[in-house]
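When you number the sequence shown by the working numbering, it's gap-free, plus one each residue, and the end is 371.
Heads up, the thing below is written out as structure tokens.
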Amino acid sequence: MDIGKAIGLEYGAPTRNAFGEELRALGGENPNLVVVDGDVANSTRTEYFAKVYPERFFNVGIAESNLIGVASGLAASGKDVVAASFAAFLLNNAYEQIRMTIAFPRIGVKLVGSHSGISIGEDGPSQMAIEDIALATPLPHMTVLVPADAPSMRAATRAMFAQEGPVYLRTGRSQVPVVYDDGAPFTIGRANVLREGDDLTIVACGLMVAAALEAAEALRADGIAARVLDMHTIKPLDDDALERAARETGAIVTAEEHLLDGGLGAAVARSIAQRHPVPVAMVGIDNRYAESGAPQELLDKYGLTARHVVEAARGVLRKKGVRGKRG
45 MDIGKAIGLE YGAPTRNAFG EELRALGGEN PNLVVVDGDV ANSTRTEYFA
95 KVYPERFFNV GIAESNLIGV ASGLAASGKD VVAASFAAFL LNNAYEQIRM
145 TIAFPRIGVK LVGSHSGISI GEDGPSQMAI EDIALATPLP HMTVLVPADA
195 PSMRAATRAM FAQEGPVYLR TGRSQVPVVY DDGAPFTIGR ANVLREGDDL
245 TIVACGLMVA AALEAAEALR ADGIAARVLD MHTIKPLDDD ALERAARETG
295 AIVTAEEHLL DGGLGAAVAR SIAQRHPVPV AMVGIDNRYA ESGAPQELLD
345 KYGLTARHVV EAARGVLRKK GVRGKRG
């Protein structure tokens with residue numbers, strides 16, 4: 045993928061790898077931690093934990109509903125539990141069990157969905173989770189996290205265990221640009237301001253954070269100062285940061301590797317409408333499934349690049365009434 049290269053960002057480990065490494069480290073610190081996986085440990089990277097702590101690792105097979113039942117039971121008995129599978133399998137196949145055995149009783153299982161978005165590439169739409177945020181966010185008591193890179197994923201993995209109640213953590217398969225240094229700040233419910241600006245604000249999550257930074261740099265060359273927020277927590281959303289952005293910059297663009305229906309953009313638009321309405325544009329997947337292909341080609345085809353963020357920014361600025369040097 046080419047995201048972030050125009051502004052010199054280096055590519056680092058996939059976020060699923062960073063999750064697996066941090067999970068293994070937490071296993072050594074917390075003997076009460078157990079992991080349940082749906083026969084995809086080599087993909088979710090829970091295998092890192094399993095190899096060191098096999099007595100605390102449970103492979104339930106390709107049976108996601110059962111996976112959630114086992115995880116819920118272990119958590120109800122006092123264990124600290126991670127339940128992991130492909131995001132498309134975990135959220136779609138076991139939604140009723142997540143709803144009734146985790147969200148409804150507020151059981152603190154930490155759900156981890158790997159292979160999110162279309163950047164998984166050649167595996168195709170059956171394994172591309174593009175509805176997972178929309179499925180997880182409405183569940184009462186559920187926290188939803190979408191880190192941008194490996195350093196923020198390590199921080200998010202630790203943060204979710206300190207969070208009361210159930211959590212959904214979204215991880216990815218592909219290498220992604222490194223936005224943060226090690227020890228990245230990560231506070232659940234609080235967006236990170238990565239770039240200041242007063243003409244508009246770009247709000248992004250996951251790998252689209254790097255695209256947002258690249259877009260902001262392209263806009264700067266045209267005399268437009270874009271603020272960039274890493275909205276790594278979709279729920280609880282940082283409404284205060286969004287209200288400040290709306291009041292101070294007057295226009296918002298969202299960017300996500302997810303369907304526009306029910307994703308980050310929808311959550312941000314709701315918040316802005318309630319707090320301080322301003323023009324909002326959204327970059328995401330618009331009412332369609334993707335196909336098999338190379339990751340960068342898919343991101344290009346389905347509108348998930350810095351160029352698409354720039355186009356959305358120009359459109360929302362026209363609504364605001366700011367055109368920049370070249371309009």
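In this text, a Cβ means the ideal position worked out from N, Cα and C, and glycines have one as well.
Which listed residue (the options) has its alpha carbon closest to that of residue i
{"i": "proline 182", "options": "Ser158, Arg143, Val220 and Ile174", "result": "Arg143"}
{"i": "glutamate 300", "options": "Val247, Pro323 and Lys279", "result": "Val247"}
{"i": "glycine 216", "options": "Val190, Asp226, Ala265 and Arg239", "result": "Val190"}
{"i": "asparagine 236", "options": "Gln318, Ala200 and Asp124", "result": "Ala200"}
{"i": "leucine 303", "options": "Asp330, Gly359, Arg362 and Gln171", "result": "Asp330"}
{"i": "serine 163", "options": "Val354, Ala357 and Tyr333", "result": "Tyr333"}
{"i": "isoleucine 278", "options": "Arg150, Ala228, Asp176 and Ser121", "result": "Asp176"}
{"i": "glycine 306", "options": "Tyr55, Ala180 and Asp243", "result": "Ala180"}
{"i": "aspartate 344", "options": "Ser121, Ala285, Leu70 and Val327", "result": "Val327"}
{"i": "leucine 77", "options": "Leu67, Glu341 and Asp124", "result": "Asp124"}
{"i": "glutamate 166", "options": "Gly337, Asp274 and Pro229", "result": "Gly337"}
{"i": "arginine 319", "options": "Glu341, Ala357, Asp282 and Tyr212", "result": "Asp282"}
{"i": "glycine 359", "options": "Ala295, Gln340 and Gly309", "result": "Ala295"}
{"i": "glutamate 287", "options": "Gln171, Gln141, Pro323 and Val104", "result": "Pro323"}
{"i": "leucine 111", "options": "Glu140, Gly52, Gly309 and Thr298", "result": "Glu140"}
{"i": "glycine 52", "options": "Tyr224, Glu292 and Phe230", "result": "Tyr224"}
{"i": "histidine 276", "options": "Tyr346, Pro339, Met204 and Glu208", "result": "Met204"}
{"i": "alanine 311", "options": "Cys249, Leu361 and Glu335", "result": "Cys249"}
{"i": "glutamate 66", "options": "Ala50, Thr90, Val220 and Pro75", "result": "Thr90"}
{"i": "glutamate 73", "options": "Arg202, Gly309 and Ala57", "result": "Arg202"}
{"i": "arginine 234", "options": "Arg214, Val188, Ala270 and Arg198", "result": "Val188"}
{"i": "alanine 325", "options": "Tyr212, Gly48, Ala260 and Thr245", "result": "Thr245"}
{"i": "arginine 100", "options": "Gly113, Gly71, Thr88 and Gly117", "result": "Gly71"}
{"i": "arginine 214", "options": "Phe102, Ala178 and Tyr55", "result": "Ala178"}
Burial state of residue i (16 or more Cβ within 10 Å)
{"i": "phenylalanine 148", "result": "exposed"}
{"i": "asparagine 86", "result": "exposed"}
{"i": "asparagine 137", "result": "buried"}
{"i": "asparagine 61", "result": "buried"}
{"i": "proline 195", "result": "buried"}
{"i": "proline 280", "result": "exposed"}
{"i": "isoleucine 106", "result": "exposed"}
{"i": "lysine 154", "result": "buried"}
{"i": "glycine 227", "result": "exposed"}
{"i": "glycine 64", "result": "buried"}
{"i": "arginine 68", "result": "buried"}
{"i": "serine 160", "result": "buried"}
{"i": "arginine 370", "result": "Residue placement at arginine 370 is flagged as unreliable, the pLDDT there being 44, under the threshold of 50; the coordinate-derived value follows with that caveat. When all chains shown are included, arginine 370 counts as exposed."}
{"i": "alanine 356", "result": "buried"}
{"i": "valine 96", "result": "exposed"}
{"i": "lysine 284", "result": "Inspection of the sequence shows that residue 284 is occupied by aspartate rather than by lysine. By the neighbour-count rule (16 or more Cβ atoms within 10 Å), aspartate 284 is not buried but exposed."}
{"i": "serine 121", "result": "exposed"}
{"i": "proline 339", "result": "buried"}
{"i": "glycine 157", "result": "buried"}
Backbone secondary structure at residue i - three-state DSSP
{"i": "methionine 326", "result": "strand"}
{"i": "lysine 123", "result": "coil"}
{"i": "glycine 371", "result": "The predicted position of glycine 371 is uncertain, since its pLDDT is 42 and thus under 50; no value can be drawn from it."}
{"i": "valine 188", "result": "strand"}
{"i": "isoleucine 278", "result": "strand"}
{"i": "phenylalanine 148", "result": "coil"}
{"i": "tyrosine 97", "result": "coil"}
{"i": "lysine 363", "result": "helix"}
{"i": "asparagine 103", "result": "strand"}
{"i": "leucine 273", "result": "strand"}
{"i": "leucine 118", "result": "helix"}
{"i": "arginine 239", "result": "strand"}
{"i": "proline 229", "result": "coil"}
{"i": "tyrosine 92", "result": "helix"}
{"i": "aspartate 266", "result": "coil"}
{"i": "serine 405", "result": "Since the first residue shown for the chain is 45 and the last is 371, residue 405 is missing from the structure and cannot be characterised."}
{"i": "glycine 161", "result": "coil"}
{"i": "glycine 56", "result": "strand"}
{"i": "leucine 253", "result": "Before going on, a small fix: residue 253 reads as valine here, not leucine. Of the three classes helix, strand and coil, the one that applies to valine 253 here is helix, per DSSP."}
{"i": "arginine 234", "result": "strand"}
Range covered by the beta strand (DSSP E) that runs through residue i
{"i": "glutamate 301", "result": "296-303"}
{"i": "serine 87", "result": "Where serine 87 is concerned, there is no enclosing beta strand (DSSP E), although the alpha helix (DSSP H) it sits in stretches over 85-88."}
{"i": "threonine 245", "result": "244-248"}
{"i": "arginine 214", "result": "211-214"}
{"i": "aspartate 81", "result": "77-81"}
{"i": "leucine 155", "result": "154-158"}
Start and end residues, alpha helix (DSSP H) containing residue i
{"i": "aspartate 68", "result": "At residue 68 the sequence reads arginine, which differs from the aspartate that was named. Its alpha helix (DSSP H) spans residues 59-73."}
{"i": "valine 312", "result": "308-319"}
{"i": "serine 196", "result": "194-206"}
{"i": "asparagine 136", "result": "131-137"}
{"i": "glutamate 287", "result": "283-293"}
{"i": "alanine 178", "result": "176-180"}
{"i": "arginine 348", "result": "The sequence given here has leucine at residue 348, not arginine. Taken as a continuous stretch (DSSP letters only), leucine 348 belongs to no alpha helix (DSSP H), as it is neither H nor E."}
Proximity test, residue i beta-carbon vs the ligand COA heavy atom, cut-off 7 angstroms
{"i": "arginine 217", "result": "This structure lacks the ligand COA; in fact it carries no ligand of any kind."}
Touching or not, the region 240-256 and the region 342-352, by the rule of three or more beta carbon pairs under 8 angstroms? yes
Count the C-beta pairs between the region 305-319 and the region 262-269 that are closer than 8 angstroms, then say yes if the count reaches three, no if not. no
Pairing CB atoms from the region 120-138 with CB atoms from the region 75-85, are three or more of them under 8 angstroms? yes
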